[in-house]
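S.K.: Chains as they are written, first to last, in our numbering: chain G, 1 to 527; chain W, 528 to 622. Quick reminder that beta carbons are idealized off the backbone N, C-alpha and C, glycines included. Below is a structure I'd like to ask you about.
Here it is, written out as structure tokens:
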């Protein structure tokens, strides 16, 4: 029991309530999209329809990279990035670093290499623009962008989500302090029919997910502000805006030697790195390729059972292993260890499917906490005309966001054969959001809007595996034969979530019918 | 990779069993006026719930620890909801 004076409690209730009322809907959007984005890589692999192999860096690459290097214009041969795509292919990006409007950008040629060494795609331009135009990963990228910056242009989107992370922290701290019996009430749920019961639903869910709320809010705010503000500011103040110089300094300088030298055999380096890392390799960065001072940095996944991974540095000319390096700095430090934890703690990607499944469930629970808090705020003001608009907006966003996300996925698969997914995925999201606005504005019983939209979301999710297959996506046998268990696993997960949406919608609608709730009330679709 | 996480999930199930007993004897939920009667047992159960997590931490199994704390939280919430539904069904029957 935390004892506070009445005045202090009132202040905390006001801080908790108003921060939620002002930012709650946006926070709900960030949490719901973040819950889906936990499976971003799986969604990209599942929806892309391109079957590679589960560990693409185990295949020989040196010969094909040498051939592609010879075909690539000199101006783009400065650096090379190799990335394992979620579908199991390799993206090889020969590029040069440029400064465009004060921001560092990479321009070059991106080749997509299949496991058998065939080049299945080639694109030229700025790296971020090439990736943004990729039709096969449009769905996963759309969810991630919605979560990371709500599709607001940089850096404002990141700053906005950073502020939302801080708002979540404020809500968590004020929630602990203002709730007098936080832990003794941890099993007390008195039914949503009464106002006190609605408060129970919010506070009990909030109490159980409290550690997760702290971790997600802090790491999310940290990531947003570090990318949008911290690193650019550091580069500007200490390195005159030279990001490459900043990274070289933070990660350990190497002596410059511009003499030409034949590149090391990539296959030897990668097989050595695979053995040393004892985990799949995710990304390989070759700097100053073809020079005597070339460096190869290999980014492996964490070893099984570990939370973060080290980077492996190799000599790009001789292929000799130089050293391991932590996330930042040249040798292990507390700061580097803490920084290395931010990603795994936020993304939940440290133990494969299990950790992602747990993070997904915790994300759904956090979304419920946000929405039930908003509903509680609205229920207390149900008789005030001025607040009814927010009540309808809560119902619209609460049910409409998942509905629009599912509609975006439907449009993605329908437009995949014509390779127009980059346009239709966000377009369908906006159209579905507009459609969801119709019942939110005009239905007399606003409490029925969200359950209806949840039911519609479930129906859309159930057809996604069929649409995926109809759009030319691989069957389960073909996927499993290449080690891509992601495809059947995602099919099953999508169907399970769809069934859960429909069942919770049916239960909520039936209980509302039985209770004959008032028109102004705002109830939840499921407990 | 699939095996990593199973230990954390197993520990979460153990903790969830403790949570279920706590929920079953929770005096506030049961509207039991003799709240002090089982306070010793409840205190022991609260400690027992955290033992699997402490063991994972002591063993340095941090990824399993995170899975344990996350899964135990979700299971605990589910148990609290289930017990409340049962309670309300019981109340409706009695009325």
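What are the start and end residues of the alpha helix (DSSP H) that includes residue 273 of chain G?
M.R.: Segment 266-277, the alpha helix (DSSP H) holding residue 273 of chain G.
S.K.: Does DSSP put residue 547 of chain W in a helix, in a strand, or in coil?
M.R.: Three-state DSSP puts residue 547 of chain W in a helix.
S.K.: Residue 585 of chain W versus chain G: which residues are under 7 Å apart at the beta carbon?
M.R.: Those do not exist, as residue 585 of chain W stays about 15 Å from chain G at its closest Cβ, beyond 7 Å.
S.K.: Would you tell me roughly how many angstroms separate the C-alpha atoms of residue 590 of chain W and residue 548 of chain W, rounded to the nearest one?
M.R.: So the alpha carbons of these two residues sit roughly 27 Å apart.
S.K.: Can you tell which of G/296, G/327, G/293 has its C-alpha closest to the C-alpha of residue 308 of chain G?
M.R.: Ranking G/296, G/327, G/293 by Cα distance to residue 308 of chain G puts G/327 first.
S.K.: According to DSSP, is residue 591 of chain G helix, strand or coil?
M.R.: No information on residue 591 of chain G is available, as it lies outside the stretch 1 to 527 that chain G covers here.
S.K.: Pick out whichever of G/119, G/13, G/117, G/363 has its Cα sitting closest to the Cα of residue 179 of chain G.
M.R.: Here the closest residue by C-alpha is G/13.
S.K.: Residues of the region 344-356 of chain G with a CB closer than 9 Å to any CB of chain W: list them in chain order, please.
M.R.: Going along the region 344-356 of chain G in chain order, one finds 344, 345, 348, 350, 351, 352, 353, 354, 355 with a Cβ nearer than 9 Å to chain W.
S.K.: For chain G, check one thing: does any of its Cβ atoms lie closer than 8 Å to the Cβ of residue 547 of chain W?
M.R.: So no, residue 547 of chain W is outside the interface.
S.K.: I'd like the list of long-range same chain contacts for residue 139 of chain G, defined as Cβ closer than 8 Å, with 5 residues on each side in sequence excluded.
M.R.: The residues are 43, 44, 47, 408, 409, 412, 421, 425.
S.K.: Just to make sure I have the definition right: I need the residues of chain W whose C-beta is within less than 8 Å of the C-beta of residue 185 of chain G. Which are they?
M.R.: Those are 555, listed as they occur along chain W.
S.K.: May I have the straight-line CA-CA distance separating residue 143 of chain G from residue 36 of chain G, to the nearest angstrom?
M.R.: Taking the straight line joining both Cα atoms gives about 7 Å.
S.K.: For chain G, find out if any of its Cβ atoms is closer than 8 Å to the Cβ of residue 610 of chain W; answer yes or no.
M.R.: Yes, contact with chain G.
S.K.: Out of curiosity, what's the CA-to-CA distance linking residue 228 of chain G and residue 234 of chain G?
M.R.: Cα to Cα, residue 228 of chain G sits roughly 11 Å from residue 234 of chain G.
S.K.: Could you tell me the alpha carbon to alpha carbon distance between residue 71 of chain G and residue 395 of chain G, rounded to whole angstroms?
M.R.: Straight-line Cα distance between these residues: approximately 56 Å.
S.K.: Does any CB atom of chain W fall closer than 8 Å to the CB of residue 202 of chain G?
M.R.: Not one chain W Cβ lies under 8 Å of residue 202 of chain G.
S.K.: Given a threshold of 16 other Cβ atoms within 10 Å of its Cβ, counted over all protein chains shown, does residue 151 of chain G qualify as buried or as exposed?
M.R.: Burial call: exposed.
S.K.: For residue 248 of chain G and residue 79 of chain G, I'd like the C-alpha separation in whole angstroms.
M.R.: Taking the straight line joining both Cα atoms gives about 14 Å.
S.K.: Are there 16 or more other CB atoms within 10 angstroms of the CB of residue 238 of chain G, so buried, or fewer, so exposed?
M.R.: Its Cβ having fewer than 16 others within 10 Å, residue 238 of chain G is exposed.
S.K.: Who are the near neighbours of residue 526 of chain G in its chain, counting only those whose CB is closer than 7 Å to its CB and skipping five residues on each side?
M.R.: Only weak support is given to the placement of residue 526 of chain G: the predicted model assigns it a pLDDT of 36, under 50, and the value that follows is read from those uncertain coordinates. Counting only Cβ-Cβ distances below 7 Å, and skipping sequence neighbours, we find 504, 507, 508.
S.K.: Spell out whether any CB of chain W is found under 8 Å from the CB atom of residue 179 of chain G.
M.R.: Not closer than 8 Å to any Cβ of chain W, the Cβ of residue 179 of chain G fails to qualify, so no.
S.K.: With 8 Å as the threshold, decide whether the Cβ of residue 382 of chain G is near any Cβ in chain W.
M.R.: No, its Cβ sits nowhere closer than 8 Å to a Cβ of chain W.
S.K.: According to DSSP, is residue 430 of chain G part of a helix, a strand, or is it coil?
M.R.: Here residue 430 of chain G sits in helix by DSSP.
S.K.: Helix, strand or coil for residue 38 of chain G per DSSP?
M.R.: Three-state DSSP puts residue 38 of chain G in coil, outside helix and strand.
S.K.: Taking C-beta pairs closer than 9 Å, name the residues in chain W that residue 189 of chain G reaches, listed in chain order.
M.R.: Within 9 Å Cβ-Cβ: 556, 607, 608, 610, 611, 612, 614, 615.
S.K.: Please state whether DSSP places residue 293 of chain G in a helix, a strand or coil.
M.R.: Coil at residue 293 of chain G, not helix or strand.
S.K.: Helix, strand or coil, according to DSSP, for residue 315 of chain G in the structure here?
M.R.: Here residue 315 of chain G sits in strand by DSSP.
S.K.: Going along the chain, which residues of its own chain have a beta-carbon closer than 6 Å to the beta-carbon of residue 606 of chain W, five neighbours each way excluded?
M.R.: Cβ neighbours of residue 606 of chain W beyond the five flanking positions: 546, 547, 550.
S.K.: Could you tell me how far apart the beta carbons of residue 263 of chain G and residue 317 of chain G are, in whole angstroms, since I believe they sit closer than 8 Å?
M.R.: Contact holds; Cβ gap of about 7 Å.
S.K.: Hey, how far is the Cα of residue 154 of chain G from the Cα of residue 108 of chain G?
M.R.: Taking the straight line joining both Cα atoms gives about 22 Å.
S.K.: Under 8 Å by Cβ, that's how I've got residue 39 of chain G and residue 356 of chain G pegged, so tell me the actual separation to the nearest angstrom.
M.R.: That belief holds up - the Cβ atoms of residue 39 of chain G and residue 356 of chain G are roughly 6 Å apart, short of 8 Å.
S.K.: Residue 574 of chain W CB to nearest chain G CB: under 8 Å?
M.R.: Chain G, which has no Cβ nearer than 8 Å to the Cβ of residue 574 of chain W, makes this no.
S.K.: With DSSP run on the structure shown, which of helix, strand or coil describes residue 100 of chain G?
M.R.: Residue 100 of chain G falls in the strand class under three-state DSSP.
S.K.: Could you say which of G/5, G/511, G/383, G/404 lies nearest to residue 532 of chain G if we only look at CA atoms?
M.R.: Lying outside 1 to 527, the shown extent of chain G, residue 532 of chain G is not represented and no answer is given.
S.K.: Under 8 Å, do residue 539 of chain W and residue 594 of chain W count as touching if we go by C-beta distance?
M.R.: Closer than 8 Å, so yes.
S.K.: Check distances from the C-beta atoms of the region 26-45 of chain G to those of chain W and list, in chain order, the residues that come in under 9 Å.
M.R.: Listed in sequence order: no entries.
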